[in-house]
Amino acid sequence: MTMRTRTQVGIIGAGPAGLLLQHLLARAGVDSVLVENRSREYCEKRQRAGVLEHGTVELLKEIGLGARMEREGLLHSGIYLQFAGERHHIDFPSLTGGRTLTVYAQTEVVKDAIAVGHPIHFEVSDTAVRDIDTDRPILSFTDRDGVAHEIECDVIAGCDGFHGVSRPAMSGLRVSERTYPFAWLGILASVPPSTDELIYAHSPQGFAMHSMRSPEVSRLYIQVDPDEKIENWSDDRIWEQLQVRLGHPGWTLTEGPITEKGITPMRSFVAEPMRQGRLFLAGDAAHIVPPTGAKGLNLAVADVKVLADALVRLLVEGKSDLADAYSDTCLTRVWRSTWFSWFMTSMLHTFPVSTFGSPAEAEFQERLQIAQLRQVTSSTAAATNLAENYAGWPLP
């Protein structure tokens, strides 16, 4: 037997995009049903991004999801760029009119949103969408008790990530993508950060980054081959490479127990348009960027801010102008973020010789990278460009 019900907005995915959209809609009096194929515990422990743009922070505070973030988040005023034995600080507030960053893990944003108590169906299966080109699309799923559901919606929001069911339900998508010839090996370590701001390091041995999650937990990354296996990387080997790549005179990288490690491929992916009929995509369902520019979570937040405004306008006011403009509005920001993520990635990583065809061409690329890093760290105009893009642009 199938249970048939109705709501205004069906939301697929309990990541930051889906949870934030549900919260924004509820504040405007719009009903929604949110479904997620993972467990609540999985969603609250899934390690992802950790750097929040100025606009993301302000939005979370404005809508009542920022109290714990304000208490526990780490306020940052910029980043360090390290190369050729030099380390330079890029001061964001002085270059952007006061914009800052906050280090607050995506897992914590998810916990805060779930704790509000909006109804969520966790551990569903057989999720599907149909009739998206009508004004009554259907969201179907089987709940964790084995009961089948069909929900008639006014709109469905696909916030279910790159591997979700939403994007494959659309036809005629234009897909643009790039796969980079390296990956990131990331670790969480139970050791206080050795730096007050994030360090991005270019080195002959490959890129490295020192980030953090709290005053007690460090988050660090090293560049590895895209087909590298995590079992080839002992804790000692990881720390050895971090010491080499992040090493700087007069500075010490403190080591500690590694509690988690994994390898993340580096790619860019954009599917457009982000809407077909009454199905709207948001976040990783529509686009992926390399983590170098800290844009993934922040792009998802921007998407759902635009989408929430559009859906309130459509479902409460009966006007479709913002919904009709949704894809174009979001894609302007998506492509700008894709460019910035490419800019940071191509400036900081060591490319394999095979990318260029000869050692001489690979050396030429490295010399260009050093020249670009010197430009960014010596020119106010170049530093401002980086700071404005990294700290983020005002939300629509």
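Just so it is clear: in the sequence shown, position 9 is 9 by UniProt numbering, and no numbers are missing. We put the beta carbon where it would ideally sit given N, CA and C, even for glycine. As the structure is a prediction and not an experimental result, all values here were calculated from the model.
*Would you say S140 and A128 are within 9 Å of each other, going by their C-beta atoms?*
yes
*Roughly how many angstroms lie between the CA atoms of K319 and G277, to the nearest whole one?*
Looking at the two C-alpha atoms, the distance is approximately 15 Å.
*Under a Cβ-count criterion, where at least 16 other Cβ atoms within 10 Å of its own Cβ denotes burial, should F83 be classed as buried or exposed?*
It counts as buried.
_Delimiting residues of the beta strand (DSSP E) encompassing residue 459_ = Since the first residue of the chain shown is 1 and the last is 396, residue 459 is not available in this structure.
*F340 lies in the alpha helix (DSSP H); which residues open and close that run?*
Secondary structure note for F340: its alpha helix (DSSP H) is the uninterrupted segment D321 to L348.
*Unbroken stretches of the beta strand (DSSP E), 3 residues or longer, contained in the segment 219-275*: Residue ranges of uninterrupted beta strand (DSSP E) with 3 or more members, entirely inside the segment 219-275 and ordered along the chain, are 258-272.
*What does a CB cutoff of less than 6 Å around H88 pick up in its chain, not counting 5 residues either side in sequence?*
L81 and T377
*asked:* Going by C-alpha to C-alpha distance, which of P265, D236 and I79 sits closest to T384?
replied: I79
*Member of H23, A282 and T252 whose CA lies at the smallest distance from the CA of S327*: For the residues H23, A282 and T252, the minimum Cα distance to S327 belongs to A282.
_Taking 8 Å as the limit between beta carbons, can you name the residues of its chain near F364, skipping five residues before and five after?_
F356
_I'd like to know whether the C-beta atoms of V109 and L74 end up nearer to each other than 9 Å._
Cβ atoms of V109 and L74: not closer than 9 Å.
*Between F340 and K305, which are expected to be in contact by the criterion C-beta below 8 Å, what is the C-beta distance as a whole number of angstroms?*
The pair is not a contact, with the Cβ atoms about 19 Å apart (cut-off 8 Å).
*asked:* Once DSSP output is grouped into helix, strand and coil, what is the label at L368?
replied: helix
_Under 8 Å: do the segment 188-203 and the segment 144-159 share three or more Cβ pairs, one atom per stretch?_
Contact fails between the segment 188-203 and the segment 144-159, because fewer than three Cβ pairs, one in each stretch, are under 8 Å apart.
*Do F351 and P192 have their C-beta atoms within less than 9 Å of each other?*
no
_Just to confirm, is the Cβ distance from L188 to K261 under 9 Å?_
yes
_Buried or exposed for Y221, going by 16 or more other Cβ atoms inside 10 Å?_
buried
_Buried versus exposed call for W184 [16 or more other C-beta atoms within 10 Å across all chains shown]_ = buried
*asked:* Tell me the residue span of the alpha helix (DSSP H) that contains Y200.
replied: Premise fails: Y200 lies in the beta strand (DSSP E), L198 to A201, not in any alpha helix (DSSP H).
*Terminal residues of the alpha helix (DSSP H) in which F141 lies*: From DSSP, F141 is part of no alpha helix (DSSP H) but of the beta strand (DSSP E) over I138 to T142.
*asked:* Alpha carbons only, please: which of P394, L307 and R333 is nearest the one belonging to L21?
replied: Measuring C-alpha to C-alpha distances from L21 to each of P394, L307 and R333 identifies L307 as the nearest.
_Just to confirm my understanding: we take L373, look at its own chain, exclude 5 residues before and 5 after, and list those with CB closer than 7 Å. What are they?_
L81, F83, H202 and M347
*asked:* Less than 6 Å between C-beta atoms, sequence neighbours within five positions excluded: which residues of the same chain meet that for N37?
replied: V124
*Please report the Cβ distance between S395 and L59, rounded to the nearest whole angstrom; I am assuming they are in contact, meaning their Cβ atoms lie under 8 Å.*
In the sequence as presented, Ser is not what sits at residue 395; that position holds Leu. Rounded, the Cβ-Cβ distance is 6 Å, consistent with contact.
*Answer with yes or no whether the minimum CB distance from I132 to chain C is below 9 Å.*
Within the model displayed, chain C is absent; a lone protein chain is all it includes.
*Under 9 Å between the Cβ atoms of I120 and R40?*
In this structure, I120 sits near R40, with a CB-CB distance shorter than 9 Å.
*Examine the ligand FAD and report whether any of its heavy atoms sits within less than 8 Å of the Cβ of A189.*
Judged by which ligands are present, the structure shown has none, so any question about the ligand FAD falls away.
*Touching or not, the segment 158-165 and the segment 5-17, by the rule of three or more beta carbon pairs under 8 Å?*
yes
_Please state the DSSP three-state secondary structure of G296._
helix
_As assigned by DSSP and simplified to three states, the class of I63_ = In the three-state reduction of the DSSP assignment, I63 falls in the coil class, being assigned neither a helical nor a strand state.
*Please report how far the alpha carbon of G293 lies from the alpha carbon of Y200, in whole angstroms.*
Approximately 10 Å between the Cα atoms of the pair.
*Name the residue from E150, V217 and D309 whose alpha carbon lies nearest to the alpha carbon of T5.*
Per the Cα distances, E150.
*In the structure shown, what three-state DSSP assignment does Q47 receive?*
coil
*Are at least three pairs of beta-carbons, each pair with one atom in the segment 43-62 and one in the segment 95-109, less than 8 Å apart?*
Verdict: yes, contact present.
_With distance defined between alpha-carbon atoms, name the residue in G18, C43, Q8 and R174 nearest to A300._
G18
*In whole angstroms, what is the alpha-carbon distance linking A371 and D324?*
44 Å
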